[in-house]
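First the structure, in the form of structure tokens, and then the observations on it.
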Amino acid sequence: MAARGQFSSRLGFLMAAAGSAVGLGNIWGFPTQTASNGGAAFVLVYLALAFLLAYPALMAELTIGRAKRANVVDALGSVSTGKTAHYVGATVGLAGVLTASLILSFYAILAGWMMSHMIEPIATLAGATETGTWLTTQGPGRDIIFTILFSILTMLIIVGGVRDGIEKWSTRLMPSLITILIALIIYVLMQPGAMDGLKLYLVPDFSGITNPDLLLSAMGQAFFSLSLGVGTMLIYGSYVSEKENLPRLGASLTLIDTGIAFTAGLLIIPAMFVAQEYGTTIYSEAGELAAGPGLIFAVLPSVFDGMGATGSFVAIAFFLLMSIAALTSSISMLEVPVSFVSEHFNIERKIATFATGTAILAFSILIALNFDTMFGFVADLATVYLEPLIGLAFCIFAGWLWNRNEAMKAIAAGHPDGESAWFVKVWPWYVKVVCPALIITMLFPTVQKLFS
Ligand code: PHE
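Going letter by letter, the sequence shown gives residues 2 to 453 in the numbering used here.
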């Protein structure tokens, strides 16, 4: 078997992991959840959950990955020496592989939408108005073509492996993403109406803060945004050197991810209020702010249209930003099944990539053909239920089934203070008791609803 890949440096890991974490969840999910859940009050709850729950859970994945140096199935299967623990671990690992694949199957459709909207202004500028209309009208034909294109891009990067695929492309794409994001924010904040949006985003309304649904959305958002509960961070952790200070890398990653989500809100929410200036309705009759596809594909394009000729370029830049964000995340989803298939069955990476990539693509096409019945179901199943549940299982493996000394050694490796660092001392206990308790408490109302 070929030697396992490894990121070339700390920066290489950070670019790849931030590429995974920063995605549609940050630029689309976070701002809209914030706007509909009390503005800055949601941001505060979210930040608290990101650092007090998601960060230690992220450390469970990174640490198990780095210590076991294997794909998610074999890594979890070897956390504890017992036979039962081995089978349970492998089963949880398989659930991770399945969930990563499910997420990729619907995410690739969304990403395809971003690509078709990116090309539309070009087609329209070139005079092909009919093509332009087709590109912005949802339907199985268009969706399938762009899902295929996006999936092929994802597979081509993953075939390259850890350094020449994931790291190389994340390092190229992440700086472009940040540049486009900042340029767009500056532009939008100069437009009329932008300040009203900024106010809604930044002035807290604490009235809904204890609502269990709000807490659950914030937790789901934090897990999804940090790519937790599917094995992505475990496998990225398995490519990190023993010399790196893992708790610090994880903290940087959490900061980058929440920072970019927060920054994206400075673009999306003000842009909605600029759209309102242009005559677009941004509130539903029930008084709710536009959030889903309507926001990205109707509200924002109306801002771009209102800007005349420059609007086309702003639209291209915006959808390019979304496509890049989606691509660096989708490669990290595909790496989960690919690393499992290639390592566990000792299959060449190229074959493993195209085989799993094509199988997932086939499922995406099935979803595209049955969009109304399947899309929401698959997305909810994977992100609302499976991700937090598997995240919970990762914490239980790290906290309860892993030998405490071994776990401490693993997380302390590369830390300048070694096992005497306070984080290293607190974390095993925290991930054992506090993380599971928080996840279970927040999941409970949903589970209760399922059975009532
Ligand atoms: N974190 C990505 C986003 O915010 C989504 C993702 C989930 C990526 C799970 C990998 C694994 O869009």
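For each residue, glycine too, the CB sits at the ideal point set by N, CA and C. Quantities reported herein were computed from a predicted structural model and do not represent experimental measurements.
Is the closest heavy atom of ligand 1 to the C-beta of residue i under 7 angstroms?
i: V342; result: no
i: G238; result: no
i: S226; result: yes
i: N27; result: yes
i: T233; result: yes
i: A22; result: yes
i: T366; result: The amino acid occupying residue 366 in the given sequence is Ile; Thr does not appear at that position. Outside the cutoff, so no.
i: M156; result: no
i: S333; result: yes
i: S330; result: yes
i: A101; result: yes
i: I104; result: yes
Counting along the chain, where does the alpha helix (DSSP H) carrying residue i start and finish?
i: G66; result: 56-69
i: W114; result: 84-126
i: F319; result: 310-345
i: T20; result: Per the sequence shown, the amino acid found at residue 20 is Gly instead of Thr. Element bounds for G20: 11-22.
i: F225; result: 213-226
i: K450; result: 436-452
i: E278; result: 247-278
i: M175; result: 169-190
i: A42; result: 41-50
i: F305; result: 301-307
i: G230; result: Unbroken run through G230: none, as it is neither H nor E.
i: E454; result: The requested residue 454 is not part of the displayed model; the chain covers only 2 to 453.
i: E349; result: Premise fails: E349 is in no alpha helix (DSSP H) and is neither H nor E.
i: R461; result: Because the chain spans 2 through 453 in this model, residue 461 falls outside it and cannot be assessed.
Give the secondary structure of residue i by DSSP, where H, G and I count as helix, E and B as strand, and everything else as coil.
i: Y284; result: strand
i: L290; result: strand
i: T137; result: coil
i: N27; result: helix
i: A129; result: coil
i: M2; result: Because the pLDDT of M2 is 46, which lies under 50, any placement of that residue in the model is unreliable, and the number read from its coordinates should be weighed accordingly. Coil, per DSSP.
i: E243; result: coil
i: P205; result: coil
i: F8; result: coil
i: D418; result: coil
i: N38; result: coil
i: P32; result: helix
i: S365; result: helix
i: P429; result: helix
i: V80; result: coil
i: W423; result: helix
i: L210; result: Going by the sequence as given, residue 210 is Ile instead of Leu. I210: coil per DSSP, three-state reduction.
i: G142; result: helix
Thinking C-beta only, is residue j closer than 8 angstroms to residue i?
i: L402; j: L54; result: no
i: A394; j: V93; result: yes
i: V379; j: L103; result: yes
i: A291; j: M273; result: yes
i: A276; j: S303; result: yes
i: Q7; j: Y237; result: no
i: F376; j: I368; result: yes
i: A57; j: G221; result: Going by the sequence as given, residue 57 is Pro instead of Ala. No. Outside cutoff.
i: N246; j: G419; result: no
i: L1; j: G251; result: Outside the displayed span of the chain (2 to 453) sits residue 1, for which this structure offers no information.
i: I441; j: W428; result: no
i: A124; j: L136; result: yes
i: F355; j: P248; result: no
i: E344; j: A71; result: yes
i: G39; j: S208; result: yes
Just to check, is the beta-carbon of residue i closer than 7 angstroms to a non-hydrogen atom of ligand 3?
i: K351; result: Here the bound small molecules are ligand 1; ligand 3 is not part of this structure.
Mind reading off the beta-carbon distance from residue i to residue j? Whole number of angstroms is fine, and I expect it under 8 angstroms.
i: F151; j: M175; result: Actually they are not in contact, since the Cβ atoms of F151 and M175 sit about 18 angstroms apart, beyond 8 angstroms.
i: L185; j: L268; result: 5 angstroms
i: L322; j: I181; result: 4 angstroms
i: I159; j: E278; result: At roughly 43 angstroms, the Cβ-Cβ gap does not stay under 8 angstroms, so I159 and E278 are not in contact.
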